[in-house]
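Chemist: Chains as they are written, first to last, in this note's numbering: chain V, 1 to 398; chain P, 1 to 292.
C-beta: ideal position from N, C-alpha, C; glycine also.
So that we are looking at the same thing, I have put the structure below in structure tokens.
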């Protein structure tokens, strides 16, 4: 066996990891099934809901809007905001009315924004136009804010208003792939699998032989990093396939795959003009990419910590620490809030990157958050790789 | 092959573990002898390129280790004091893994492993998990891995720890045969590991190597310093406190003792022929005790 095959065996192709991946596959599939079917109240209710949606698909029907809005208002009064989710599970018609009424709200927001929108992050064609007008009246046409609002307005115009469609499978799937759940279900096990990559050598004492061998300083790092990337890809694909299977089995339909991303509740304000299947592809690529990024980060931690449990603990702490910090980011000043957007937990969540228009001022240029996140990850990953090579070159056994 | 150690010092925080070591080694077996904790392993680790000296340089055939990098490590074989294994690796996996680390091709590795397992007597145990091996088998596996790349310089740290007497003899024979046209540096605190096979023995004390000579030269220098005498049993304990004793044999109601001393220790003492164990005691117990 070559060095690469040995390292792959140590990290991935061994009984312990294969059993773990198999167990995780089952767990992910069951979780996907439950997370998809539970909010919809099971297949029968979903089918009834689907037939109602099909009648209104991709339309803005004023009569239906009035009926649904009234029904939604009644339900809120009757059950309270928080209980609606529980009630609609057993009442497909109510579920449809709630969804349609929410769609109508989103449609209105597309033009007029929402009172919930932050002052410095306006939304809605008319709001944007009005803000641009005010800036121009003040003679600040060359300001970054003007440039940003113009850019946002042009994106909103080109993407058009949200459409109504049955995207239940994709709502659930994108939530599993792009929300905080992915951090817990996917990246925690990834940390467990990757953490030993370097620290195992010190903890077993094999570093004596590795460091004194011809390939023990550079080639071993190249090989280990390649195995980390392969392992993280396999772990991510295991998650994607299992959750996809679980979600699909619960509904038995791909319906909604070819509609615009903006028909999915979380991404109703998405700044990219892609369809649902295209976004599914982006999600897969982003998860594989961010899996590689986190894999390298765990390897970086492992290269500095000799104890296996400590390496895993630090990896997990970085992830959960950043989750916690990001959760409280709203309380911090604007600059710190922006820095928090580059915490690992935010960078790997698709919903943080693609659910709304968010840009940064880089030397006066309007750079979308997702593009900057991509560049940031590439730079950080590259720096960590160089640091790992450096650590291994300088590593000693005292 | 020439290995030059030039002004090597190593500090761990405030502790000066190695102090300005200067030695030049050529082909043959060299013993590095000294009690535990004098800095032998630190020096060995520096030579194995897994520890950086605080000061000084190591040259291999005139080339500085720092600038040689990978090439330096391709020329050495290293057996660490403690041999470690991955829990799921068999003996064969272990040797194949080390072969891969040493850059051997699959064919080269197979041939070399076949040859080495025969000479260390592990051919029937290669498919067993290495962690289940006995201490001696682990040591033999360690020796085999150190020889995989046919190193020009073989560095062995306490190689016979855990070996039974037969295995020790077998090990010495392997090393002796291997040392032809090569340099072997063997660090130990066991005199018998080096006294018959070492071309030269270096005595290390307090991070310094002050003595470097052949076993014969050491023994010759000890003439008149080893004595055999008899003592009544009840006086032995008191005598032990002030003398360096290398051996005690009960003889009837008296004890025959072997004493290291530059002067005649008691009136009935007769001179004895020194051996390397006496030399060890003389250097590390008698002289250091006197200096202290």
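Distance check for residue 221(P) and residue 200(P), CA to CA, integer angstroms please.
Modeler: The straight-line gap from Cα to Cα measures roughly 15 Å.
Chemist: Would you decide whether residue 173(P) is buried or exposed? Buried here means 16 or more other CB atoms lie within 10 Å of its CB.
Modeler: By the 10 Å Cβ count, residue 173(P) comes out exposed.
Chemist: List the endpoints of the continuous beta strand (DSSP E) containing residue 200(P).
Modeler: From DSSP, the beta strand (DSSP E) with residue 200(P) extends over 200-205.
Chemist: Using a Cβ-Cβ cut-off of 9 Å, state whether residue 15(V) counts as contacting chain P.
Modeler: Yes, contact with chain P.
Chemist: Alpha carbon to alpha carbon, what distance is there between residue 205(P) and residue 37(P)?
Modeler: Between residue 37(P) and residue 205(P), the C-alpha separation is close to 9 Å.
Chemist: Compare the C-beta of residue 25(P) against all C-beta atoms of chain V and say whether one is closer than 9 Å.
Modeler: Not one chain V Cβ lies under 9 Å of residue 25(P).
Chemist: Would you please verify whether the beta carbon of residue 307(V) is less than 9 Å from any beta carbon of chain P?
Modeler: No, residue 307(V) does not count as interfacial toward chain P.
Chemist: Please confirm whether residue 256(V) and residue 170(V) have their CB atoms less than 9 Å apart.
Modeler: Yes, the pair counts as a contact, with Cβ atoms nearer than the cut-off.
Chemist: Run the CB neighbour count on residue 216(V), radius 10 Å, all protein chains shown included, and call it buried at 16 or more, exposed below.
Modeler: Answer is buried; the Cβ neighbour count reaches 16.
Chemist: Does the distance from the C-beta atom of residue 296(V) to that of residue 225(V) stay below 9 Å?
Modeler: Yes. Within cutoff.
Chemist: Measuring only the C-alpha atoms, how far is residue 248(P) from residue 275(P)?
Modeler: About 15 Å.
Chemist: So what's residue 225(P) in DSSP terms, helix, strand or just coil?
Modeler: It is coil, neither helix nor strand.
Chemist: How far does the alpha helix (DSSP H) with residue 384(V) in it extend, from its first residue to its last?
Modeler: Here the alpha helix (DSSP H) through residue 384(V) covers 369-394.
Chemist: List, in order along the chain, the chain V residues whose C-beta lies closer than 7 Å to that of residue 103(P)?
Modeler: Under the 7 Å cutoff, chain V gives 214, 215.
Chemist: Going along the chain, which residues of the segment 46-77 of chain P sit with their C-beta nearer than 7 Å to a C-beta in chain V?
Modeler: Per Cβ criterion, the list reads 48, 49, 50, 51, 52, 70, 73, 74, 76.
Chemist: Excluding five sequence neighbours on each side, which residues of the same chain lie with their C-beta closer than 6 Å to the C-beta of residue 346(V)?
Modeler: Same-chain partners within the cutoff: 326, 352.
Chemist: Please report the distance separating the alpha-carbon of residue 241(V) from that of residue 322(V).
Modeler: Near 27 Å, if we compare the C-alpha coordinates of residue 322(V) and residue 241(V).
Chemist: So which residues on chain P does residue 312(V) lean against when the C-beta distance must stay under 8 Å?
Modeler: None at all; the shortest Cβ gap to chain P is about 17 Å.
Chemist: To which residues does DSSP link residue 295(V) through a beta bridge?
Modeler: Beta-bridge pairing links residue 295(V) to no other residue.
Chemist: Where does residue 164(V) land, buried or exposed, given buried means 16+ other C-beta within 10 angstroms?
Modeler: Buried.
Chemist: For residue 394(V), would you say it is in contact with chain P, using Cβ-to-Cβ distances shorter than 9 Å as the test?
Modeler: At least one chain P Cβ lies under 9 Å of residue 394(V).
Chemist: Determine the chain P residues that contact residue 206(V) at a beta-carbon separation under 8 Å, and present them in chain order.
Modeler: Within 8 Å Cβ-Cβ: 84, 85, 86.
Chemist: Following the continuous alpha helix (DSSP H) through residue 76(V), name the residue where it begins and the one where it ends.
Modeler: Per DSSP, residue 76(V) belongs to the alpha helix (DSSP H) from 62-79.
Chemist: Could you name each continuous alpha helix (DSSP H) segment of 4 residues or more that falls completely within the segment 157-217 of chain V, going from the start of the chain to the end?
Modeler: Listed in chain order, the complete alpha helix (DSSP H) runs (minimum 4 residues) inside the segment 157-217 of chain V are 168-178, 188-194, 196-204, 207-211.
Chemist: Report the neighbours of residue 228(V) on chain P: residues whose CB is nearer than 8 Å to its CB, in chain order.
Modeler: Within 8 Å Cβ-Cβ: nothing; residue 228(V) doesn't reach chain P, min ~17 Å.
Chemist: Which residue from 211(P), 256(P), 232(P) puts its Cα closest to that of residue 280(P)?
Modeler: When only C-alpha atoms are compared, the closest one is 211(P).
Chemist: Against chain P, does residue 2(V) count as a neighbour if the rule is that its beta carbon must be under 9 Å from one of theirs?
Modeler: Closer than 9 Å: yes.
Chemist: Quick check on residue 209(V) - is its C-beta less than 9 Å from some C-beta in chain P?
Modeler: Closer than 9 Å to some Cβ of chain P, the Cβ of residue 209(V) qualifies, so yes.
Chemist: Across the segment 334-345 of chain V and the segment 221-239 of chain V, are there enough close Cβ pairs to call them in contact, namely three or more that are closer than 8 Å?
Modeler: No, because fewer than three Cβ pairs between the segment 334-345 of chain V and the segment 221-239 of chain V fall closer than 8 Å, the two stretches do not touch.
Chemist: Would you say residue 262(V) faces chain P, with C-beta separation under 9 Å as the test?
Modeler: No, residue 262(V) lies away from the interface with chain P (no Cβ there is under 9 Å from its Cβ).
Chemist: I'd like the list of long-range same chain contacts for residue 142(P), defined as Cβ closer than 6 Å, with 5 residues on each side in sequence excluded.
Modeler: Closer than 6 Å at Cβ, skipping near neighbours: 79, 83.
Chemist: Run through chain A and tell me which residues come within less than 8 Å of residue 43(V), C-beta to C-beta.
Modeler: Of the chains in the structure shown, none is chain A; the protein chains are V and P.
Chemist: Going along chain V in order, which residues have a C-beta closer than 8 Å to the C-beta of residue 12(P)?
Modeler: The contacting residues are 398.
Chemist: Can you tell me which residues form a DSSP beta bridge with residue 8(V)?
Modeler: BP columns for residue 8(V) are empty, so no partner.
Chemist: So with CB distances below 7 Å, who are the chain P contacts of residue 6(V)?
Modeler: In chain order: 97, 100.
Chemist: Given this structure, state the Cα-to-Cα distance separating residue 11(V) from residue 293(V), to the nearest angstrom.
Modeler: Computed Cα separation, rounded: 17 Å.
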